Each structure stands twice: as C-alpha cells, then as structure tokens.
Amino acid sequence: TELEDAIRSGLRAGEFLLHYQPVVDVPSGAVRGFEALMRWERRGHGLVAPDAFIPVAEKSSLVADLGRFALAEATRQLVAWTGGGLVGDDVTVAVNVSGHHLAGGHVVEDVQDALAASGLDPRRLVLEITETTVVDDPVAVERLAALRRLGVSVAIDDFGTGYTSIGQLQRLPVDTLKIDRSFVASTEPRYRELVHLIVSAAHTFGLRVVAEGVEESHQLSALREVGCDEAQGFLIARPMPPAAVLAQGPARA
Ligand code: G
Ligand code: G
Ligand code: MN
Ligand code: NA
Numbered sequence: 040t041e042l043e044d045a046i047r048s049g050l051r052a053g054e055f056l057l058h059y060q061p062v063v064d065v066p067s068g069a070v071r072g073f074e075a076l077m078r079w080e081r082r083g084h085g086l087v088a089p090d091a092f093i094p095v096a097e098k099s100s101l102v103a104d105l106g107r108f109a110l111a112e113a114t115r116q117l118v119a120w121t122g123g124g125l126v127g128d129d130v131t132v133a134v135n136v137s138g139h140h141l142a143g144g145h146v147v148e149d150v151q152d153a154l155a156a157s158g159l160d161p162r163r164l165v166l167e168i169t170e171t172t173v174v175d176d177p178v179a180v181e182r183l184a185a186l187r188r189l190g191v192s193v194a195i196d197d198f199g200t201g202y203t204s205i206g207q208l209q210r211l212p213v214d215t216l217k218i219d220r221s222f223v224a225s226t227e228p229r230y231r232e233l234v235h236l237i238v239s240a241a242h243t244f245g246l247r248v249v250a251e252g253v254e255e256s257h258q259l260s261a262l263r264e265v266g267c268d269e270a271q272g273f274l275i276a277r278p279m280p281p282a283a284v285l286a287q288g289p290a291r292a
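Read the sequence shown against our numbering and you will find it ends at 292, with the numbers running on by one and no gaps.
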C-alpha cells in the first residue's frame with residue numbers, strides 16, 4: 040500500500056527516530072532507565088505517532104525492519120550517553136518489540152546484532168512485549184527464553200489488559216511486569232487494591248514491577264505505599280527527543 044511504501048522509503052531516508060521516557064526508582068526517584076518510543080518525522084506530515092504506522096507495518100516484514108532500527112538506535116544511543124557521562128553504566132533502555140517481529144522475524148539475531156554493533160552490555164537492554172503476544176504461543180515463549188539467554192531482560196507491557204494471570208507469568212521467561220496505565224489512573228479503591236495484589240504476587244514470583252502512565256503525585260504516593268519498584272509517566276517526564284534528554288543532564292541508576 041501507499042503507507043507501506045512511505046514507511047519503507049522513510050526508513051531509508053532516516054525519517055524514523057526514537058523518543059525516550061525516563062523510568063525512575065519509586066523509593067528514591069533516581070532514573071533507572073528509559074523507554075524508547077518510536078516516532079516518524081514524515082516529510083510533509085510532521086511527527087507521526089506509532090499507532091499510525093506500527094499496525095500497518097505489522098502487516099508485512101516492515102515491522103521487523105522498524106524493530107531492527109529501534110534496537111540498533113536505542114542501544115547506540117545508550118552507549119553514546121554512557122560514554123559522554125550523561126548516564127551511569129547501570130542505566131537501561133527498553134525497546135518495544137512487536138509480537139509479529141517476535142513470532143515471525145529473526146528477533147534473536149536482530150538483538151544479537153544490535154548488541155554486537157553497539158557494544159552495549161546485554162543486561163542494560165530490556166525488551167517489552169505485550170502480554171497477548173506470548174500467552175499460548177510456544178514459539179514466542181521459546182524466543183523469549185533464547186533472548187534472555189543472551190542476557191537481556193524481558194518485560195510484559197500493558198499488563199492487566201489481557202488475560203494473563205500471575206500464575207501463568209511465573210512460567211513465562213520474563214523479568215518485569217509493566218502495569219498498564221488504566222490501572223494506575225483509576226481512583227477507585229478496588230483498583231488500588233488490585234495494583235497492590237499485582238505487586239505482591241509479582242514479587243512473590245521474583246518479578247519487578249513498573250507502573251506506567253503516572254500523571255499525578257497521589258498516584259506515585261500510592262505506588263510507593265504498595266511497594267511498586269519503578270514508575271514512568273507524564274508526572275515524571277514525557278517521552279522526549281534525545282536532545283532534551285541531554286539538556287536534562289546526568290542520570291544515574
Ligand atoms: O509513544 P506512544 O504514543 O508513544 O506509543 C504508542 C504505542 O506504540 C505504545 O503502545 C507503544 O508500545 C507502541 N510503540 C512505541 N514505539 C514502538 C516501537 O518501537 N515498536 C513497537 N512495536 N511499538 C512501539
Ligand atoms: O504501550 P506502551 O506502554 O509502550 O505505551 C507507552 C505510551 O504511553 C506512549 O504512547 C507514551 O507516550 C504514553 N505515555 C507515557 N506516559 C504517559 C502518561 O503519563 N499518561 C498517558 N496518558 N500516556 C503516557
Ligand atoms: Mn512500552
Ligand atoms: Na503499556
């Protein structure tokens with residue numbers, strides 16, 4: 040299609056870039072890492088958000104091309120920031136991996152290539168996968184296990200929006216749960232209790248918990264009370280271009 044062609048040529052022309060949103064340690068507020076979020080500076084259209092092109096790219100192997108770009112760029116950027124003294128050498132970067140790339144592409148090789156080209160310590164790379172892509176897919180589960188054998192960690196994104204139970208997660212090769220922002224945003228006491236339960240259960244199984252979409256300070260306080268490990272959201276910082284991360288100054292884990 041026309042949009043697929045535009046994505047393909049935009050990728051060749053260097054129109055794709057990553058924005059970065061800090062992820063902080065809840066108790067201390069220290070920056071632990073960044074989530075890389077893709078943007079398209081499409082000629083004649085301005086900045087295009089991923090919802091407008093990822094689903095289209097997922098109809099073909101284009102999604103793997105975008106995935107390789109994100110992996111290469113995010114790892115390169117983190118190494119550059121570390122070398123420049125902007126971030127400590129424990130700070131991580133999280134890249135969103137499409138379920139289509141995980142299931143259909145050569146994701147293990149792609150991650151290996153990005154690590155080799157950048158020289159990034161694998162422990163500093165987090166791969167975010169939505170829960171719906173891994174449940175009931177033995178191939179996807181085996182690929183996640185292979186990825187973890189490379190030394191990278193795996194986070195389940197948007198946790199709570201699918202049907203995965205904590206019991207299932209315990210059997211999946213994952214390290215971290217990212218609680219979907221709809222749970223974080225709710226002011227209903229029973230949702231707050233649900234977040235508490237998710238954190239407790241995740242900790243029981245040795246998983247770390249990141250809360251997404253934190254917009255208000257009372258939400259951050261509530262997360263601190265229930266022992267949530269890390270948080271990200273507009274309250275802390277919006278996703279921003281690399282130059283803005285640079286302008287913010289040093290971040291250490
Ligand atoms: O930044 P936000 O509008 O930025 O992102 C919207 C959605 O797009 C989120 O669900 C996010 O996970 C997804 N997304 C952002 N960047 C990427 C990416 O590099 N690859 C994939 N597959 N999804 C992404
Ligand atoms: O699905 P994923 O978690 O990867 O998506 C991240 C998306 O959430 C991006 O679109 C990002 O811009 C957005 N986002 C990040 N922080 C906040 C927040 O505090 N509030 C809202 N509404 N969206 C956020
Ligand atoms: Mn994500
Ligand atoms: Na999410």
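Don't be surprised by glycine CBs; every beta carbon is placed ideally from N, CA and C.
These figures come from a predicted structure and were not determined experimentally.
Query                                                                                                           : Result
DSSP-derived helix/strand/coil call for S33                                                                     : Residue numbering for the chain in the displayed model covers 40 to 292; residue 33 lies beyond these limits and cannot be assessed.
Spatial neighbours of L101 in its chain, beta-carbon cut-off 7 Å, leaving aside the 5 residues before and after : E43, I46 and R47
Spatially closest choice to Q116 from G85, L262 and L56, by CA coordinates                                      : L56
Straight-line Cα distance separating Q60 from Q287                                                              : 12 Å
Counted within 10 angstroms of its Cβ, other Cβ atoms place V178 as buried (16 or more) or exposed              : exposed
Cβ-heavy atom distance, D214 to ligand 3, below 7 Å                                                             : no
Straight-line gap, G206 to L246 (C-alpha atoms, nearest Å)                                                      : 12 Å
Assigned secondary structure, I93 (DSSP; H/G/I helix, E/B strand, else coil)                                    : helix
G266 versus D64: straight-line alpha-carbon distance, rounded                                                   : 11 Å
Nearest-angstrom Cα separation, counted from V95 out to L208                                                    : 29 Å
N-terminal and C-terminal residue of the alpha helix (DSSP H) that I168 is part of                              : First-last for I168: L164 to T169, but that is the beta strand (DSSP E), not the alpha helix (DSSP H).
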